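Novice:
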């Protein structure tokens, strides 16, 4: 994604290092603005946690009085049970919020390492490309160049598309939460937008946190229920309208491979691995599609596999698509 920017400034400055530095400044400045926003909102949110605990204590007394009147339970026993379980639940919810924010800090630390690696990749990109092209004969060199352009386009589309999806979800959810009356609506909105980078898991956490928060502070039940309804509607819009139109079909991977990718990425690299799982899967799918032997695997990774269950016998029932032949031929030799 940064390479076109680097190329543009390199023509202006006639200095590749200065061009890379300028590209980084343009790319990182908006990110630092968002980080400042998140940390400022987090500081305000944590300053209100004592009032949340007071609200839970009031809820405990209400539940205790109700159980004493309706169920003929001893007030002391009920109060003790509610105190242990409700406050434990509140601590768990607060721990989730703190853990999510600490994980964000960990991700930022890994991003610093990624920035350093990316710098050297940009600095030596021409040499790397020349090396790889030299490994191919003249007949396949043009095909390899097209393949590099496809991967670069895919990475660029993913990053730009994901950034746009985050902004849309943040504004959409934040506006909805503001109308419902949720405190810090755009903090929750953009938190959900950023967590959407991790499919399924991130979106679930992004919706659960404000719901739990509203259950702890709201004087009624309609607000938490409205928050649940808002997230359900937004998730339907995101999955069926926003992401397909912005990200394109090339990024769409079937849920089984996404879950496996999240699991393996989480084991290998933790949260950064889970964030990178989807773009790596998308690029892997394109790599498979470039070789006849592995082309069926690229279709196996696509979303909507249930509707294409017969595509393999219809399109790939041929010797050149049977990648198992590669292993069998190796054994025969």
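Numbering (this note's numbering), first residue to last: 353 to 685.
The beta carbon of each residue, even a glycine, is placed where N, CA and C say it ideally should be.
Bear in mind the structure is a predicted one, so any value in this text is a computation, not a measurement.
What residues are listed by DSSP as bridge partners for residue 605?
Specialist: The partner list for residue 605 (beta bridge, DSSP) reads 654.
Novice: Would you mind sorting residue 514 into buried or exposed? The rule is 16 or more other CB atoms within 10 Å of its CB.
Specialist: By the 10 Å Cβ count, residue 514 comes out buried.
Novice: Reducing DSSP to helix, strand and coil, say where residue 355 ends up.
Specialist: Residue 355: helix per DSSP, three-state reduction.
Novice: According to DSSP, is residue 644 part of a helix, a strand, or is it coil?
Specialist: In the structure shown, residue 644 sits in a helix (DSSP, three-state: H, G or I).
Novice: Span of the alpha helix (DSSP H) holding residue 504?
Specialist: Unbroken alpha helix (DSSP H) run through residue 504: 490-532.
Novice: Assuming the contact rule is C-beta atoms closer than 8 Å, residue 355 and residue 504 should be a hit. Round their C-beta distance to whole Å, please.
Specialist: So it is a contact: roughly 7 Å between Cβ atoms.
Novice: Run the CB neighbour count on residue 573, radius 10 Å, all protein chains shown included, and call it buried at 16 or more, exposed below.
Specialist: Result: exposed.
Novice: Closer than 8 Å by C-beta to residue 613: which residues in its own chain qualify, once you throw out the five before and the five after it? Chain order, please.
Specialist: For residue 613, where only same-chain residues beyond five positions count, the Cβ hits under 8 Å are 605, 629, 630, 632 and 633.
Novice: For residue 579, is the classification buried or exposed, using 16 other Cβ atoms within 10 angstroms of its Cβ as the cut-off for buried?
Specialist: Buried, by the Cβ-count rule.
Novice: If we count the other Cβ atoms within 10 Å of its Cβ and call it buried at 16 or more, is residue 587 buried or exposed?
Specialist: Its Cβ being crowded by 16 or more others within 10 Å, residue 587 is buried.
Novice: Compare the C-alpha of residue 662 against each of 671, 672 and 651 and name the closest.
Specialist: Answer by Cα proximity: 651.
Novice: Would you mind giving the Cβ-Cβ distance between residue 546 and residue 518, rounded to the nearest angstrom? I have them listed as a contact below 8 Å.
Specialist: Contact flag correct, Cβ pair sits at about 6 Å.
Novice: What residue from 396, 360 and 525 has the CA that sits closest to residue 590's CA?
Specialist: Minimum Cα distance to residue 590 is reached at 525.
Novice: Return the first residue and the last residue of the alpha helix (DSSP H) that residue 583 is part of.
Specialist: Note, residue 583: alpha helix (DSSP H), 574-589.
Novice: Residue 665 to residue 656, Cα distance in whole Å?
Specialist: Residue 665 and residue 656: Cα-Cα distance of roughly 17 Å.
Novice: Which residue's Cα is closest to the Cα of residue 658: 607, 467 and 643?
Specialist: Out of 607, 467 and 643, 607 has the C-alpha closest to the C-alpha of residue 658.
Novice: In terms of residue numbering, what span does the alpha helix (DSSP H) encompassing residue 596 cover?
Specialist: Residues 595-599.
Novice: Just how far apart, CA to CA, sit residue 674 and residue 581?
Specialist: Cα to Cα, the separation comes out at about 47 Å.
Novice: Run the CB neighbour count on residue 544, radius 10 Å, all protein chains shown included, and call it buried at 16 or more, exposed below.
Specialist: When all chains shown are included, residue 544 counts as buried.
Novice: Among residues of its own chain, excluding the 5 on either side of residue 682, which ones have a beta-carbon nearer than 7 Å to its beta-carbon?
Specialist: For residue 682, the predicted structure reports a pLDDT of 49, less than 50, and the residue's modelled location is therefore unreliable. The matter cannot be settled from this model.
Novice: Between residue 605 and chain C, is there a C-beta pair that is closer than 8 Å?
Specialist: Here there is only one protein chain, and chain C is not present.
Novice: Going by C-alpha to C-alpha distance, which of 511, 571, 467 and 484 sits closest to residue 372?
Specialist: For residue 372, the nearest C-alpha among the options comes from 467.
Novice: Could you check if residue 377 is buried or exposed, using at least 16 other CB atoms within 10 Å of its CB as the buried criterion?
Specialist: Residue 377 is exposed by the Cβ-count criterion.
Novice: Excluding sequence positions up to five away, which residues of its chain have a Cβ less than 7 Å from the Cβ of residue 471?
Specialist: Cβ neighbours of residue 471 beyond the five flanking positions: 372.
Novice: Who are the Cβ neighbours of residue 646 in its own chain at under 7 Å, not counting the five residues just before and after it?
Specialist: If we look at residue 646 and ignore the five residues flanking it on each side, its Cβ neighbours are 640 and 675.
Novice: Buried or exposed: residue 672, going by 16 or more other Cβ atoms within 10 Å of its Cβ?
Specialist: Classification of residue 672: exposed, given that the 10 Å Cβ count is below 16.
Novice: How would you call residue 483, buried or exposed, if buried means at least 16 neighbouring beta carbons within 10 angstroms?
Specialist: Exposed: under 16 other Cβ atoms inside 10 Å.
Novice: Could you check if residue 529 is buried or exposed, using at least 16 other CB atoms within 10 Å of its CB as the buried criterion?
Specialist: By the 10 Å Cβ count, residue 529 comes out buried.
Novice: Between the C-alpha atoms of residue 549 and residue 555, what's the straight-line distance to the nearest angstrom?
Specialist: Straight-line Cα distance between these residues: approximately 8 Å.
Novice: Taking 8 Å as the cut-off, decide whether the C-beta atoms of residue 562 and residue 540 are in contact.
Specialist: Taking 8 Å as the Cβ cut-off, residue 562 and residue 540 qualify as a contacting pair.
Novice: If you measure between the beta carbons of residue 583 and residue 559, is that distance less than 8 Å?
Specialist: Result yes, Cβ atoms of residue 583 and residue 559 sit closer than 8 Å.
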